[in-house]
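This report concerns only the one structure given below.
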Amino acid sequence: MLDEKPRFLAEFSSDITYVEMIENLAREFCRLYKFDEAESINYSISVRELTINAIKHGNKSDWKRRVRVEFYQTGSEIRTLVQDEGEQKFDTDNHFTATGENALSDHGRGLLAVELYTPGWTYEWMNPGNRFGVYKERPQESLLADESQLGQQSA
């Protein structure tokens, strides 16, 4: 079950220049909960790809439409939700697959990366808007840490 409120929330216009900031936020969120460097990078790539998809495909790069990225922490996992304001529902049964003549295409690789780095992504139609989610189990040592001291790391 998700927290009532996200641990961190970013909302911004559909402008591709914000993608790097969101990727960095995702990486730092992972580090906060003791993920190693490789896991942090993989998770942040998934969040990056979902953010790009929200901007380009969901919101059609319309800067008047917003993208919302929410970062949650539950007892045993972190979860990130990326939502656009698109008017067209994503077809979960008919998305890009790298097979046959599509195998060498450089278009539509975002969800392939998401599936590779964070298997089991989720989707929900918000009417309007598409909301995708990714999650990752927290490392065992982070489950033992005193949560009250997460913001008090030494320099």
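If you want my numbering, it's the 1-based position in the sequence shown plus 1048. C-beta atoms are modelled at their ideal positions from N, C-alpha and C, and glycine is treated no differently.
Original post:
According to the Cβ coordinates, are Asn1090 and Tyr1165 closer than 9 Å?
Top reply: yes
Original post:
In terms of alpha-carbon separation, which member of Phe1060, Arg1096 and Arg1079 lies closest to Gly1181?
Top reply: Nearest in C-alpha terms to Gly1181, of all of Phe1060, Arg1096 and Arg1079, is Arg1096.
**OP:** Taking Leu1080 as the reference, give the member of Arg1179, Ile1126 and Val1130 with the closest Cα.
**Re:** Ile1126
Original post:
Are there 16 or more other CB atoms within 10 angstroms of the CB of Lys1184, so buried, or fewer, so exposed?
Top reply: buried
**OP:** From the DSSP output, read off the bridge partner residues of Thr1061.
**Re:** Checking the sequence, you will find Ser at residue 1061 rather than Thr. For Ser1061, the beta-bridge partners assigned by DSSP are Arg1114.
Original post:
Between the Cα of Glu1172 and the Cα atoms of Glu1087, Phe1060 and Ala1102, which residue gives the shortest distance?
Top reply: Ala1102
**OP:** Out of Val1162, Glu1163, Asn1107 and Pro1187, point me to the one whose CA is closest to Ser1061's CA.
**Re:** Asn1107
Original post:
At which residues does the beta strand (DSSP E) containing Asn1175 begin and terminate?
Top reply: Counting along the chain, Asn1175 falls outside any beta strand (DSSP E), and DSSP gives it neither H nor E.
Original post:
Can you tell me whether DSSP reads Arg1157 as helix, strand or coil?
Top reply: It is coil, neither helix nor strand.
Original post:
Once you ignore the five residues that flank Ile1070 on each side, which residues in its own chain have a CB closer than 7 Å to its CB?
Top reply: Ala1058, Val1095, Arg1096, Thr1099 and Val1117
Original post:
With 16 other CB atoms within 10 Å as the buried threshold, where does Gln1131 fall?
Top reply: buried
**OP:** Could you please give me the residues that DSSP links to Glu1097 through a beta bridge?
**Re:** The partner list for Glu1097 (beta bridge, DSSP) is empty, contrary to what the question assumes.
Subject >> Of the listed residues Val1115, Leu1160, Thr1122 and Gln1188, nearest to Lys1053 (C-alpha basis) >> reply: If you compare the alpha carbons of Val1115, Leu1160, Thr1122 and Gln1188 with that of Lys1053, the shortest gap goes to Thr1122.
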